[in-house]
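**Student:** My questions will all concern the structure given below.
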Amino acid sequence: MDKSEKISWFEQFKIACLKPSQYKRLLNLAKGKVILFLAAITLITTILGYGMDVAGFTVSVGGWKNFILNRLPAFELKDGTLKVDRQMDFDIAGVHFIADTSKNKVNVNDLSNEYSMEMVFAKDEMVVKNAAVGNMLNRVSFKDFKDIVFNNKAMTAMIPIIHIFIVIMFFSQWIVNIISYLTVAVFITMLAYFNQKTRLDRKNKDEVSFGKIFKLSIYARVIFGLIETIGVTAGVSFFSGMIWMFISYFGSYELLL
81 MDKSEKISWF EQFKIACLKP SQYKRLLNLA KGKVILFLAA ITLITTILGY GMDVAGFTVS
141 VGGWKNFILN RLPAFELKDG TLKVDRQMDF DIAGVHFIAD TSKNKVNVND LSNEYSMEMV
201 FAKDEMVVKN AAVGNMLNRV SFKDFKDIVF NNKAMTAMIP IIHIFIVIMF FSQWIVNIIS
261 YLTVAVFITM LAYFNQKTRL DRKNKDEVSF GKIFKLSIYA RVIFGLIETI GVTAGVSFFS
321 GMIWMFISYF GSYELLL
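Taken in order, the sequence shown gives residues 81 to 337; the numbers are from my numbering.
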């Protein structure tokens, strides 16, 4: 019987986090099981990261309706002009919002590279930046909406759309997490593979293929990926810094060796 059938997802998780001496068992897994494991572990990190951020924000503001009516600064778009009673600068669900209607036009220097998406509002226009599409900038003039009146109360009708947008952003973040996870796994695999090349006595030992090392690197990343996600979500800056990145990469590399 295929050994892969005897290793459940939870057993894979336990080996990845607690039993690196049994990593060789994971080499017997079919590619499909490894892909499912990768999808599940990145889904977990997305829930612990993006999901917890959105849930925490929603609870902290007393729900979206209360946030729009009582926590969001009063605003009104009328006659092609936006008025906001005070400046805004906050982020929700991975989107950064800035509003300063003392300025007629948006200054692109107000944009930041720290966010995947930003929406910046001025008196006469708004600019949307989407980092997922090559930092694409879309500029929208409010003069094109002279016949529209939009304010806090009208915005509450958009709550279902906000929920849909959050779900879309969740799956987008999941895809980003998968790509990021695989990118780091490839980097660590290369380090381990070339280390093997320089140290291996080919007369006495067989070389482990790049593909097998890559398969194991997916499991070697699990514990460090989870710790990093929890740390960043908790707001601990250490887990988003260079020192932790070195510890994370080196730790996964040592597990592979």
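From the three backbone atoms N, C-alpha and C, an ideal C-beta is built for every residue, glycine too.
Since we're looking at a predicted model, the values are computed, not measured.
1. So which of Gln92, Cys97, Ile127 has the shortest CA-CA distance to Ala110?
2. For Lys145, count neighbouring Cβ atoms within 10 angstroms of its own Cβ and tell me buried if that reaches 16, exposed if not.
3. State the CB to CB distance for the pair Leu337 and Asn275, rounded to an integer number of angstroms; the pair is presumed to be in contact (CB under 8 angstroms).
4. Taking the straight line between their C-alpha atoms, what separation do you get for Leu149 and Met206?
5. Do you know how far the Cα of Asn184 is from the Cα of Ser328?
6. Between Phe304 and Ser332, how many whole angstroms is the CB-CB distance? I'm expecting something under 8 angstroms.
7. What three-state label does DSSP hand Thr161 in the structure shown?
8. Bridge partners of Leu98, per DSSP?
9. Do three or more CB pairs link the region 116 to 134 to the region 243 to 261 at distances below 8 angstroms?
10. Is the distance from the Cβ of Phe118 to the Cβ of Ile241 below 8 angstroms?
11. Apply the 10 Å Cβ neighbour rule to Met81 and answer buried if 16 or more other Cβ atoms are within range, or exposed otherwise.
12. Return the first residue and the last residue of the beta strand (DSSP E) that Met197 is part of.
13. Closest by CA to Lys113, which one among Asp180, Ile298, Val247, Val316?
14. Identify, in the order they occur along the chain, each residue of the same chain with its Cβ nearer than 7 angstroms to the Cβ of Phe222, setting aside the five sequence neighbours on each side.
15. Of the residues Val164, Lys86, Lys226, Arg219, which one's Cα is nearest the Cα of Leu191?
16. Return the bridge partner residues of Leu217 from the DSSP annotation.
17. Rounded to a whole number of angstroms, what is the C-alpha to C-alpha distance between Leu98 and Phe326?
18. Using 8 angstroms for Cβ pairs, my map puts Ile293 next to Tyr273. What's the rounded Cβ distance?
19. Along the chain, where does the alpha helix (DSSP H) containing Met168 start, and where does it finish?
20. State the CB to CB distance for the pair Asn232 and Leu152, rounded to an integer number of angstroms; the pair is presumed to be in contact (CB under 8 angstroms).
**Tutor:** On the basis of the supplied data:
1. The count along the sequence shown starts at 1 and reaches residue 110 at position 30. Minimum Cα distance to Ala110 is reached at Gln92.
2. Translated into the one-based positions of the sequence shown, residue 145 becomes position 65. By the neighbour-count definition (other C-beta atoms within 10 Å, threshold 16), Lys145 is an exposed residue.
3. Within the sequence shown, numbered from 1, the residue matching residue 337 stands at position 257. Within the sequence shown, numbered from 1, the residue matching residue 275 stands at position 195. With a contact defined as Cβ atoms closer than 8 angstroms, Leu337 and Asn275 qualify at about 7 angstroms.
4. One-based indexing of the sequence shown puts residue 149 at position 69. One-based indexing of the sequence shown puts residue 206 at position 126. As the crow flies, the alpha-carbon of Leu149 is around 21 angstroms from that of Met206.
5. For the purposes of this step, residue 328 is taken as the residue at position 248 of the sequence shown. For the purposes of this step, residue 184 is taken as the residue at position 104 of the sequence shown. Near 46 angstroms, if we compare the C-alpha coordinates of Asn184 and Ser328.
6. Along the sequence shown, read from residue 1 onward, the residue named residue 304 stands at position 224. Along the sequence shown, read from residue 1 onward, the residue named residue 332 stands at position 252. In this structure, Phe304 and Ser332 form a Cβ contact; the two beta carbons are roughly 6 angstroms apart against a cut-off of 8 angstroms.
7. Here residue 161 corresponds to residue number 81 of the sequence shown, with the count starting at 1. In the three-state DSSP reduction, Thr161 falls in the strand class (E or B).
8. For the purposes of this step, residue 98 is taken as residue 18 along the sequence shown, with counting starting at 1. Paired residue(s): none; Leu98 is not in a bridge.
9. Verdict: yes, contact present.
10. The sequence position of residue 118 within the sequence shown is 38, counting from 1. The sequence position of residue 241 within the sequence shown is 161, counting from 1. The question names Phe, yet the displayed sequence has Leu at residue 118. Contact flag unset, no.
11. One-based indexing of the sequence shown puts residue 81 at position 1. Because the pLDDT of Met81 is 39, which lies under 50, any placement of that residue in the model is unreliable, and the number read from its coordinates should be weighed accordingly. The residue is exposed, with fewer than 16 neighbouring Cβ atoms inside 10 Å.
12. Within the sequence shown, residue 197 is the residue found at index 117, counting from 1. Start and end: 197 to 201.
13. Against the sequence shown, residue 113 aligns to sequence position 33. Nearest option by C-alpha distance: Ile298.
14. The residue labelled residue 222 in the question sits at position 142 within the sequence shown. Taken in chain order, the residues that qualify are Leu157, Gly160, Thr161, Leu162, Asp204, Glu205.
15. Against the sequence shown, residue 191 aligns to sequence position 111. When C-alpha distances from Leu191 are compared across Val164, Lys86, Lys226, Arg219, the shortest belongs to Arg219.
16. Looking up residue 217 in the sequence shown gives position 137. Lys209, per the DSSP bridge assignment.
17. What you label residue 98 is simply residue 18 of the sequence shown in a count that begins at 1. What you label residue 326 is simply residue 246 of the sequence shown in a count that begins at 1. Straight-line measurement puts the Cα of Phe326 at about 21 angstroms from the Cα of Leu98.
18. Translated into the one-based positions of the sequence shown, residue 293 becomes position 213. Translated into the one-based positions of the sequence shown, residue 273 becomes position 193. Cβ-Cβ separation between Ile293 and Tyr273: approximately 5 angstroms, consistent with a contact (criterion under 8 angstroms).
19. As a first step, residue 168 is located in the sequence shown; it is residue number 88 there, counting from the start. Met168 -> not in any alpha helix (DSSP H); beta strand (DSSP E) instead, spanning 168 to 172.
20. Numbered from its first residue, the sequence shown carries residue 232 at position 152. Numbered from its first residue, the sequence shown carries residue 152 at position 72. Contact between Asn232 and Leu152 holds: CB atoms are separated by about 6 angstroms, below the 8 angstroms threshold.
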